[in-house]
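Here our numbering is used: position 140 in the sequence shown is 488, and no number is missing along the way.
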Amino acid sequence: MGAGTVSAHDFLLLPSAFRVDGTQPITLQPTVASSFPTPEIVVPADRTERLAAFGPGQPQLRITGPVNKGLQLEVFGAQAGMLVATASIKPREVDYGEDRIPLILGEYRVAPAAAAAVEALPRPRTWQVVSRRFAKAMMCVADCRDRSAAERPTGVPLEFVAAEGASGTYVLLADGLPLVKYSVDLVDRQGHRAHLATDEQGRVDLGNAARGPSLLFAARLQPPAGAGRFLLDLATLVLDR
Numbered sequence: 349m350g351a352g353t354v355s356a357h358d359f360l361l362l363p364s365a366f367r368v369d370g371t372q373p374i375t376l377q378p379t380v381a382s383s384f385p386t387p388e389i390v391v392p393a394d395r396t397e398r399l400a401a402f403g404p405g406q407p408q409l410r411i412t413g414p415v416n417k418g419l420q421l422e423v424f425g426a427q428a429g430m431l432v433a434t435a436s437i438k439p440r441e442v443d444y445g446e447d448r449i450p451l452i453l454g455e456y457r458v459a460p461a462a463a464a465a466v467e468a469l470p471r472p473r474t475w476q477v478v479s480r481r482f483a484k485a486m487m488c489v490a491d492c493r494d495r496s497a498a499e500r501p502t503g504v505p506l507e508f509v510a511a512e513g514a515s516g517t518y519v520l521l522a523d524g525l526p527l528v529k530y531s532v533d534l535v536d537r538q539g540h541r542a543h544l545a546t547d548e549q550g551r552v553d554l555g556n557a558a559r560g561p562s563l564l565f566a567a568r569l570q571p572p573a574g575a576g577r578f579l580l581d582l583a584t585l586v587l588d589r
């Protein structure tokens with residue numbers, strides 16, 4: 349396991365509380381931040397898409413208004429059990445110049461073959477990317493014994509789910525399939541970023557990691573078949589251990 353300081357700007361869903369008794373409002377804030385768990389860059393309503401909530405009852409995730417440092421989301425209709433909230437940012441086309449490419453590849457630990465494809469671009473390089481960002485947060489409403497929502501994929505291209513029957517273990521899914529022996533970052537509440545990897549089943553075990561609010565992060569880069577833009581998927585999961 350390696351470690352590094354936080355430099356990546358991650359798209360996050362930050363809950364106001366990870367555990368609620370069922371009578372309190374369940375609110376979250378979407379943000380892009382380099383210093384978890386502090387909100388930093390405002391994500392405006394017109395940049396968000398696919399707001400959704402999963403869990404017992406019929407939970408719905410809605411925009412309820414602005415807060416001091418950004419947008420406020422609220423979950424309605426949740427019942428006792430594990431609650432999952434998800435959001436994504438609309439895809440964005442970005443052109444990175446030669447000076448930015450090493451910085452981006454340093455922030456996002458993608459597969460070696462994908463990084464090699466970027467290195468192979470003709471110099472001076474202009475790296476053309478379509479960036480997609482997916483955020484997920486897990487919370488407990490009254491009683492956490494029903495974990496089924498946390499264990500089910502939500503259908504986005506890159507996401508973490510809880511491993512069935514294994515508390516503290518998570519699975520990284522790419523297009524619904526486990527992404528095996530793949531780089532994953534874990535950020536603790538002090539902002540310390542540890543470099544981990546999934547196993548041969550796509551699982552990452554956080555059993556020995558520090559307790560408290562935590563962030564899991566993964567990046568997947570897919571080169572184009574010919575000329576065109578690389579597809580960069582960035583996924584986060586915010587949870588409390």
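A virtual CB, placed ideally from N, CA and C, is assigned to each residue, including glycine.
Keep in mind it's a predicted model, so treat the numbers as computed, not measured.
Here T375 has S364, Q420, L421 and E422 as same chain residues with Cβ atoms under 7 Å from its own Cβ, once five neighbours each way along the sequence are excluded. Contact check for V552 against L563 fails: the beta carbons are separated by 9 Å or more. Within the DSSP bridge table, the entry for G513 names no partner.
If the five residues before and after L582 are omitted, its C-beta is found closer than 6 Å to the C-beta atoms of R481 and A567, all from its own chain and listed in chain order. Annotation for P373: E422 place their beta carbon closer than 7 Å to its own, counting only its chain and skipping 5 residues before and after.
For G445, the enclosing beta strand (DSSP E) has its first and last residue at G429 to G445. For G413, the three-state secondary structure derived from DSSP is strand.
If you check the CB distance, T546 and K529 come in under 9 Å. Residue state for A490 is assigned as coil, using DSSP reduced to three classes. Between the C-alpha atoms of I389 and R395 there is a straight-line separation of about 12 Å. Partner residues in the beta bridge of F482, as assigned by DSSP, are S436 and A583. DSSP places P450 outside any beta strand (DSSP E); the residue lies instead in the alpha helix (DSSP H), whose first and last residues are I449 to E455.
Rounded to the nearest angstrom, the gap between the Cα atoms of G413 and P470 is 46 Å.
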